[in-house]
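Novice:
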Amino acid sequence: MELDTGVTAWMLTSASLVLLMTPGLALFYGGMVRGKSVLNMMMMSFGAMAVVGVIYVLWGWSMSYADQSFGGIVGNPIEQFGLGGGGVLDDAGEWVVDGGLPIIVDVGFQATFAIITVALISGAIADRVKFGTWMVFAGIWATLSYFPMAHMVWGGGLLSDEGPFVFGDAVPIDFAGGTVVHINAGVAALVLALIVGRRKGFGSEPIRPHNLPLVMLGAALLWFGWFGFNAGSAYGADGAAGLAWVNTTTATAAAILGWLITEKLRDGSATSLGAASGVVAGLVAITPAAGDVSPVGAIAIGAIAGVLSAFAVGLKFKLGFDDSLDVVGIHLVAGLWGTVALGFLATETGLLYGGGIEQLGVQVIIALVAVVFAGIVTLVIGLALKATMGWRISEEEEVSGIDLAVHSETAYETIQQGSVIKEVRA
Amino acid sequence: MKLVTGVIQPHRLDDVKSALEAAGVRGMTVSEASGYGRQKGHTEVYRGAEYTVDLVPKVRIEVLVPSEDAASIVDVVVNAAQTGKIGDGKVWTVPVDDIARVRTGEHGDAAL
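For the record, the sequence lines run as chains H and P. Taking our numbering as reference, the numbering of the first sequence is continuous, increasing by one, and the terminal residue is 420. Taking our numbering as reference, the numbering of the second sequence is continuous, increasing by one, and the terminal residue is 194.
And the structure:
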């Protein structure tokens, strides 16, 4: 098929937008931790960019989108290793084009998804893990959990419309990553929070966000970047992309309202952290549905996501697991909700649009498969790393601050520190 | 000589400063402080988790005065700092043995 410059230009733009989400996430997360660990928190996002950005072109693309599939679970990592094998650049030296888009552009677009998914997990284990262990985890988890999940859902695998879970008109719907990105990362976050254990002082000492303006700036950048994530997933510069854009904004706006009203009624105040969190909950929930619901359906998805997540973030205190920045309460809960909501609100096949129960059944199945798959894979990786490299820094380092202990830096210089700085090595 | 110390609401500082200047006080030391009395701090909520912050911001103001002026200066501070609400603060005096002006080496009342 012939190259479409409009589509190609939009997809290059979308890839750039999605890449910006990860530094945005670094700000969102960084503001939420204490001042003594903000740099480590941000470095976990930048570290994910570094590791996944390299392995994606080596074997990530091939494991996700190779023609040869192992049981519909994962693509052959060798087939297009290093973007070879003719899938991206053909034997005549021409860029392979599909749907008007050169595949090499899709490689860039997809790489940014893999990066942000890994980075999302870091919020569950803030302030307390060895940076080296995190970097190794990033590479192994992307390889064993993200790439297979992308293959299953988007690469023609088990959870795609070519898999076994197709009932009549009802095929699995995951427009931009409810299962692949948010359920995947949310389950990994829960499992890692349990393996790594609680921070010192969790539940007994106040652990407050140190910079809420950073959190709000991060949420704004995530929203902006998410237009690439969702509207880019239309793979066209057309009305479908426009629908995804409008749904993305509408659901997010409704989620802010849902979260703030919940807070106002329950806690007495509508907070800035609640607004920023509502932004992310809405963006997550609309991700799987952005191309397959109406804008009015998007309002329902977003508003309910905001309320659900506002309640879900309190669970960690009741159940005693330290999911530090609520990756479970927001990404897993809103990701599950958005994926399942399609069973009701998909305009072609949803229950509320006169469809049968089939779409709901398909959505519940793909959500459950994603939960089980990510749970088992992350459990194995997490325990293996615990037994070998170890996850935790020492208690003393954690109390004095991971930034200084692990990175030999502090984010905010004080006069006292400044007065003793001497240049000791040029 | 006496040292008058007041711990007051930060937003009353400008009025207290003006009132002291009008009463003839020519110097003072002001510092940021934190503390609590009967008002017992405030509550903050982050994603539904409530934290009680018991220390709230205050301003500490210190003035050295001749012994005979101390009582009236205390009244000046109290009148200027008062809002009538819990958390207005306290003012107290303590006797001072000696004062030295660093620039000249003068002692006692001459150093005031």
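Note that the Cβ used here is the ideal one computed from N, Cα and C, for glycine as well.
For a contact defined as C-beta to C-beta under 7 Å, what are the partners of Val209(H) on chain P?
Specialist: Per Cβ cutoff of 7 Å: no residues; Val209(H) is ~10 Å from chain P at best.
Novice: With which residues is Lys84(P) paired in a DSSP beta bridge?
Specialist: DSSP, once it has assigned bridges, lists Val147(P) and Pro177(P) as partnering Lys84(P).
Novice: Does the beta carbon of Pro203(H) sit closer than 8 Å to a beta carbon anywhere in chain P?
Specialist: Chain P contact via Cβ: present.
Novice: Pick helix, strand or coil for Thr382(H), following the three-state DSSP scheme.
Specialist: Correct three-state label for Thr382(H): coil.
Novice: Does any C-beta atom of chain H lie closer than 8 Å to the C-beta of Ala131(P)?
Specialist: Yes, its Cβ sits closer than 8 Å to a Cβ of chain H.
Novice: Out of curiosity, what's the CA-to-CA distance linking Leu144(H) and Val174(H)?
Specialist: Checking the sequence shown, residue 144(H) turns out to be Ala, not Leu. For Ala144(H) and Val174(H), the distance between alpha carbons rounds to 6 Å.
Novice: Roughly how many whole angstroms lie between the Cα atoms of Val184(P) and Val156(P)?
Specialist: For Val184(P) and Val156(P), the distance between alpha carbons rounds to 26 Å.
Novice: Pick from Gly133(H), Trp55(H), Met5(H) and Ala304(H): whose alpha carbon is nearest that of Gly41(H)?
Specialist: The shortest Cα separation from Gly41(H) among Gly133(H), Trp55(H), Met5(H) and Ala304(H) belongs to Gly133(H).
Novice: Report yes if the CB atom of Leu423(H) is closer than 8 Å to the CB atom of Gly272(H), and no otherwise.
Specialist: For chain H, the structure presents residues -5 to 420; residue 423(H) sits outside this window and is missing.
Novice: Residues of chain P with CB under 9 Å from Gly332(H), in chain order?
Specialist: None at all; the shortest Cβ gap to chain P is about 20 Å.
Novice: With Arg386(H) and Ile201(H) assumed to form a contact (beta carbons below 8 Å), what rounded beta-carbon distance in angstroms separates them?
Specialist: Not really, about 17 Å apart at Cβ, beyond 8 Å.
Novice: For Tyr118(P) and chain H, any beta-carbon pair shorter than 8 Å?
Specialist: No, Tyr118(P) lies away from the interface with chain H (no Cβ there is under 8 Å from its Cβ).
Novice: Which residues in the same chain have their Cβ closer than 8 Å to the Cβ of Val123(H), if we skip the five residues on either side of it in sequence?
Specialist: Within the same chain, Val123(H) has close Cβ partners Val190, Trp385, Arg386 and Ile387.
Novice: Report the neighbours of Val178(P) on chain H: residues whose CB is nearer than 8 Å to its CB, in chain order.
Specialist: The contacting residues do not exist; Val178(P) stays about 29 Å from chain H at best.
Novice: Based on the DSSP output, what are the partners of Tyr128(P) in its beta bridges?
Specialist: Answer is Ala131(P), bridged to Tyr128(P).
Novice: When you compare the CB positions of Val299(H) and Ala283(H), do they come within less than 8 Å of one another, or not?
Specialist: The displayed chain sequence assigns Ala, not Val, to residue 299(H). No, these two residues do not count as a Cβ contact at 8 Å.
Novice: Going by CA-CA distance only, name the one from Leu21(H), Gly285(H) and Leu336(H) that's closest to Gly349(H).
Specialist: Measuring from the Cα of Gly349(H), the nearest candidate turns out to be Leu336(H).
Novice: How would you list, in chain order, the residues of chain P whose beta-carbon sits under 7 Å from the beta-carbon of Phe311(H)?
Specialist: Near Phe311(H) (Cβ distances below 7 Å), the residues of chain P are Ala131.
Novice: Could you tell me the alpha carbon to alpha carbon distance between Ala152(P) and Val86(P), rounded to whole angstroms?
Specialist: Spanning the two alpha carbons is a distance of roughly 7 Å.
Novice: For the stretch 253 to 284 of chain H, enumerate the residues whose C-beta is nearer than 8 Å to any C-beta of chain P, in chain order.
Specialist: Residues passing the 8 Å Cβ filter: Glu257, Arg260, Asp261, Gly262, Ser263, Thr265, Leu267, Gly268 and Ser271.
Novice: For Gly81(H) and Ile250(H), what's the separation of their Cα atoms in angstroms?
Specialist: Looking at the two C-alpha atoms, the distance is approximately 42 Å.
Novice: With a Cβ-Cβ cutoff of 8 Å, do Leu309(H) and Leu21(H) count as a contact?
Specialist: Not a contact, by the Cβ cut-off of 8 Å.
Novice: With three or more beta-carbon pairs closer than 8 Å as the criterion, would you say the stretch 323 to 331 of chain H touches the stretch 141 to 152 of chain P?
Specialist: Touching, no.
Novice: Please go through the same chain and pick out, in chain order, the residues whose beta-carbon is closer than 8 Å to the beta-carbon of Val1(H), but skip the five residues on each side of it.
Specialist: Once the five neighbours on either side are set aside, the close Cβ partners of Val1(H) are Gly93, Gly94, Leu95, Tyr229, Gly230 and Ala231.
Novice: On the DSSP bridge assignment, give the partners of Phe89(H) in chain order.
Specialist: A quick correction: the sequence has Trp, not Phe, at residue 89(H). Looking at the DSSP assignment, Trp89(H) forms a beta bridge with Leu83(H).
Novice: Is there a Cβ from chain P that is less than 8 Å from the Cβ of Pro200(H)?
Specialist: True, the Cβ-Cβ gap to chain P drops below 8 Å.
Novice: I believe Met37(H) touches Phe131(H) by the beta-carbon criterion, under 8 Å. Please report the beta-carbon distance rounded to the nearest angstrom.
Specialist: At roughly 14 Å, the Cβ-Cβ gap does not stay under 8 Å, so Met37(H) and Phe131(H) are not in contact.
Novice: For Ile67(H), does the three-state DSSP call read helix, strand or coil?
Specialist: Here Ile67(H) sits in coil by DSSP.
Novice: Rank Tyr406(H), Thr404(H), Glu390(H) and Glu403(H) by C-alpha distance to the C-alpha of Arg437(H) and give the top, closest one.
Specialist: Lying before the first or after the last residue shown, residue 437(H) is absent from chain H, which here runs from -5 to 420.
Novice: Taking 8 Å as the CB-CB limit, is Val127(P) close to chain H?
Specialist: By this cut-off, Val127(P) is an interface position.
Novice: At a CB distance below 9 Å, what residues from the stretch 288 to 316 of chain H approach chain P? Give them in sequence order.
Specialist: Going along the stretch 288 to 316 of chain H in chain order, one finds Ala304, Phe305, Val307, Gly308 and Phe311 with a Cβ nearer than 9 Å to chain P.
Novice: Note the first and the last residue of the continuous beta strand (DSSP E) segment covering Gly222(H).
Specialist: From DSSP, Gly222(H) is part of no beta strand (DSSP E) but of the alpha helix (DSSP H) over Leu206 to Ala225.
Novice: Would you identify the three-state DSSP class for Val321(H), choosing helix, strand or coil?
Specialist: In this structure, Val321(H) counts as helix in the three-state DSSP scheme.
Novice: Measure the C-alpha to C-alpha separation of Leu277(H) and Glu126(P) and round it to an integer number of angstroms.
Specialist: When rounded, the distance between both Cα atoms is 27 Å.
Novice: Please go through the same chain and pick out, in chain order, the residues whose beta-carbon is closer than 6 Å to the beta-carbon of Leu188(H), but skip the five residues on each side of it.
Specialist: Phe315.
Novice: Pull out every residue of the stretch 70 to 93 of chain H whose Cβ sits closer than 8 Å to any Cβ of chain P, in chain order.
Specialist: Residues passing the 8 Å Cβ filter: none.
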